[in-house]
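See structure below.
Number of protein chains: 2
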Amino acid sequence: MRVQNRPLTPAARRVLQVAGHLFYERGIGCVGMELIAAEAGVTKKTVYDRFGSKDALILAYLRTRDERWRDFVTARLAVFSDPRERVLATFEALEQWQADEPRRGCSMVNACAELPDPSHPVHRAAAEQKAWLRDLYAGLVADGTLADQLLILHEGAIVAFSVGGVADAAAKARAAADALLPR
Amino acid sequence: MRVQNRPLTPAARRVLQVAGHLFYERGIGCVGMELIAAEAGVTKKTVYDRFGSKDALILAYLRTRDERWRDFVTARLAVFSDPRERVLATFEALEQWQADEPRRGCSMVNACAELPDPSHPVHRAAAEQKAWLRDLYAGLVADGTLADQLLILHEGAIVAFSVGGVADAAAKARAAADALLPR
DNA sequence: CCCTAGATATACATACCGGTATAACTAGCT
DNA sequence: AGCTAGTTATACCGGTATGTATATCTAGGG
Numbered sequence: 009m010r011v012q013n014r015p016l017t018p019a020a021r022r023v024l025q026v027a028g029h030l031f032y033e034r035g036i037g038c039v040g041m042e043l044i045a046a047e048a049g050v051t052k053k054t055v056y057d058r059f060g061s062k063d064a065l066i067l068a069y070l071r072t073r074d075e076r077w078r079d080f081v082t083a084r085l086a087v088f089s090d091p092r093e094r095v096l097a098t099f100e101a102l103e104q105w106q107a108d109e110p111r112r113g114c115s116m117v118n119a120c121a122e123l124p125d126p127s128h129p130v131h132r133a134a135a136e137q138k139a140w141l142r143d144l145y146a147g148l149v150a151d152g153t154l155a156d157q158l159l160i161l162h163e164g165a166i167v168a169f170s171v172g173g174v175a176d177a178a179a180k181a182r183a184a185a186d187a188l189l190p191r
Numbered sequence: 009m010r011v012q013n014r015p016l017t018p019a020a021r022r023v024l025q026v027a028g029h030l031f032y033e034r035g036i037g038c039v040g041m042e043l044i045a046a047e048a049g050v051t052k053k054t055v056y057d058r059f060g061s062k063d064a065l066i067l068a069y070l071r072t073r074d075e076r077w078r079d080f081v082t083a084r085l086a087v088f089s090d091p092r093e094r095v096l097a098t099f100e101a102l103e104q105w106q107a108d109e110p111r112r113g114c115s116m117v118n119a120c121a122e123l124p125d126p127s128h129p130v131h132r133a134a135a136e137q138k139a140w141l142r143d144l145y146a147g148l149v150a151d152g153t154l155a156d157q158l159l160i161l162h163e164g165a166i167v168a169f170s171v172g173g174v175a176d177a178a179a180k181a182r183a184a185a186d187a188l189l190p191r
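Here it is as C-alpha cells:
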C-alpha cells in the first residue's frame with residue numbers, strides 16, 4: 009500500500025475532496041473510481057497515478073477526515089483549562105460537528121463495516137482514532153475506567169443519533185458524562 | 009420486496025443460517041449469492057425461489073438475528089423483577105452475547121453502513137431495534153432522557169468493544185449505568 | 001530548447017455479481 | 001396415477017467494478 013507524503017497536486021486535492029464527500033455520504037462500496045474521477049473533473053488514470061489503488065484512496069480519505077475531526081475537537085477544547093470543562097467540551101464539539109454533517113455516523117466505524125478483513129489498514133486507522141480520544145480523556149480524568157466510559161458515551165451518542173434517531177444524543181451524553189465525573 | 013410468512017423449507021433454513029454467518033462475519037457486500045448457495049449446498053435458483061432477491065435475504069438475515077438477540081435479552085431479564093436490576097441485566101446480557109460472537113459490532117449498524125440509502129428497509133429495521141431497546145429502558149426508569157442515556161451507553165459499549173478495542177466495555181457501561189440510575 | 005511531471009482521452013482486460021432460463025428429478029398428497 | 005412443490009444442474013445475460021495500456025497535450029525549470 010503506497011503512502012503519500014509529497015504535497016498533493018491540484019488534481020489530487022480535488023479527487024480527495026470529492027472522494028471524501030462521496031465515500032461518506034454514499035458508502036465506500038457504492039462509489040466507483042470512475043464516478044470519483046468524473047466528479048473531480050479528472051481521468052481515471054490521474055486518480056491511479058496519484059493514489060495507486062482504491063484501498064489507498066480510502067485510507068487517504070479516512071486520514072484527512074480524521075485530521076479534520078481532531079483539529080475540530082482540539083480547537084473547541086483549547087478554550088477551557090479546567091479538566092472537567094474540557095471533557096464536557098468534547099461532547100459539545102460532537103454536537104456541533106453533527107449539526108453540519110449528514111446523519112451517516114462515524115466514517116471509521118462505517119469503513120470497518122464495509123471492509124471487515126481485520127488486517128485491512130482501515131482497522132488500524134479506526135483503532136488509532138478511538139485510542140486518541142480515549143487517551144485524551146485519560147489525560148483529563150486520571151481514572152482509566154472513567155476514560156473508557158467517556159469514550160463509550162461518545163461513540164454511543166454517534167450511533168444513537170445516526171441509527172437510533174435519538175434527538176440531542178450528544179447533549180444527553182454530555183449530561184451523563186457530567187454526572188459520572190467526580191466533583 | 010417479498011415478505012416471508014410461510015414456514016421456511018429445509019433448504020431455505022440452511023440458506024438463512026449460512027447467510028447469517030457469512031453476512032455478519034464477512035460483510036454483506038463481500039458475500040455473493042453464489043457463495044451462499046454453495047455453502048448451503050443449494051443452487052442459486054433455490055435461493056431466489058425462496059427469498060426473491062438479495063435485499064430480501066439481507067432483511068430476513070437481519071430480522072432473524074434481531075429476534076435471536078431480543079429473545080436472548082428478554083430471557084436474561086426475566087430472572088429479575090427489580091427495575092434497577094433489570095436495567096443492569098441488559099448490560100450483562102450484552103457482555104455474554106459478545107463473548108460468543110466474533111468482534112464484528114452490531115449487524116444493524118453494519119448493514120446501515122453498507123446500504124446507505126435511507127429508504128432501504130434495513131434502516132427501518134435498525135431504527136426499530138434501537139427503539140425496542142430504548143422503550144425497554146423507558147419502561148423501567150420512567151425518565152425519558154435517562155432511557156436515552158442508557159441506550160447510548162449500550163450502543164457505545166458495542167462500538168468501543170468491536171472497533172475501539174476496549175476490554176470489558178459492556179461491564180464498564182454497566183458500571184456507568186449503575187452510577188446514573190437513581191437510588 | 002528540451003525534458004519531465006502532470007494531465008487528458010479513450011479503449012481495453014479481467015473479473016465478478018445479481019438475476020434469469022431451461023430441463024429434469026423426487027417425494028408426498030389427492 | 002398424476003399433479004404439485006421443492007429441488008438439482010447448468011448455462012447464460014447484462015451490467016459494473018478495479019485496474020492497465022497507449023498515445024497525446026501542456027507548462028515550467030535546467
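Here the protein sequences come in this chain order: A and B. If you read the first sequence in my numbering, its first letter stands for residue 9, the second for the next number, and so on. If you read the second sequence in my numbering, its first letter stands for residue 9, the second for the next number, and so on. Note that CB positions come from ideal geometry on N, CA and C, so glycine has one too.
Would you decide whether residue i is buried or exposed? Buried here means 16 or more other CB atoms lie within 10 Å of its CB.
i        : result
B/Gly35  : buried
B/Phe88  : exposed
B/Pro124 : buried
B/Arg132 : exposed
B/Gln104 : exposed
A/Arg94  : buried
A/Arg191 : exposed
B/Gly164 : buried
B/Ala150 : exposed
A/Ser127 : exposed
B/Ala183 : buried
A/Glu122 : buried
B/Ala27  : buried
A/Ala187 : exposed
A/Ala175 : exposed
A/Ala46  : exposed
A/Arg111 : exposed
Determine, using beta carbons only, whether residue i comes closer than 8 Å to chain B.
i        : result
A/Glu100 : no
A/Gln106 : no
A/Arg10  : Reliability of the predicted coordinates at A/Arg10 is poor, the pLDDT of 39 falling under 50, and the value obtained from them is presented with this limitation in mind. A/Arg10 does not count as touching chain B.
A/Ala184 : yes
A/Glu122 : yes
A/Ala46  : no
A/Thr113 : The sequence given here places Gly at residue 113 of chain A; Thr does not occur at that position. Yes, A/Gly113 lies at the interface with chain B (some Cβ there is under 8 Å from its Cβ).
A/Gln157 : yes
A/Lys62  : no
A/Ala134 : yes
Output the distance between the C-alpha atoms of residue i and residue j, rounded to the nearest integer angstrom.
i        : j        : result
B/Ala107 : B/Gly113 : 12 Å
A/Arg73  : B/Asn118 : 20 Å
A/His162 : A/Ala181 : 7 Å
B/Gln12  : B/Phe59  : In this prediction, B/Gln12 has a pLDDT of 45, which is less than 50 and means its spatial position is unreliable; what the coordinates show is noted afterwards. Near 8 Å, if we compare the C-alpha coordinates of B/Phe59 and B/Gln12.
B/Met9   : B/Glu42  : In this prediction, B/Met9 scores a pLDDT of 39, lower than 50, which makes its location untrustworthy; the coordinate-derived value is nonetheless stated afterwards. C-alpha separation (whole angstroms): 20 Å.
A/Ala1   : B/Asp156 : This structure cannot settle anything about residue 1 of chain A, because the visible part of chain A is limited to 9 through 191.
A/Val167 : A/Thr153 : 21 Å
B/Phe31  : B/Arg76  : 16 Å
B/Gln137 : B/Leu159 : 11 Å
A/Lys62  : A/Ala134 : 18 Å
B/Cys120 : A/Val171 : 8 Å
A/Phe99  : B/Val50  : 50 Å
A/Phe169 : A/Ala178 : 8 Å
B/Arg22  : B/Glu109 : 20 Å
A/Asp57  : A/Ala68  : 14 Å
A/Val130 : B/Val55  : 33 Å
A/Ala199 : A/Ala185 : There is no way to answer for residue 199 of chain A, as the model of chain A reaches only from 9 to 191.
A/Leu189 : B/Arg78  : 32 Å
B/Pro91  : B/Ala146 : 11 Å
B/Leu37  : B/Ala86  : It should be pointed out that residue 37 of chain B corresponds to Gly in this sequence rather than to Leu. So the alpha carbons of these two residues sit roughly 37 Å apart.
B/Ile44  : B/Leu65  : 11 Å
B/Leu24  : A/Gly173 : 29 Å
A/Leu144 : A/Ser115 : 20 Å
Is residue i close to chain A? Criterion is C-beta to C-beta, closer than 8 Å.
i        : result
B/Gly173 : yes
B/Val95  : no
B/Arg142 : yes
B/His162 : yes
B/Gly28  : no
B/Arg58  : no
B/Val167 : yes
B/Ala4   : Limits of chain B in this structure are 9 at one end and 191 at the other, which puts residue 4 of chain B out of reach.
B/Thr153 : yes
B/Lys53  : no
B/Leu188 : yes
B/Ala181 : yes
B/Val8   : A query on residue 8 of chain B cannot be resolved here, the shown segment of chain B reaching from 9 to 191 and no further.
Worksheet item: Of all the residues that make up the stretch 67-88 of chain A, which are near chain B by a beta-carbon distance shorter than 9 Å?
Response: none
* To do: Compile a chain-ordered list of the residues in the stretch 31-44 of chain B whose CB is closer than 8 Å to at least one CB of chain A.
  => Result list: Glu33, Arg34, Gly35, Gly37, Cys38.
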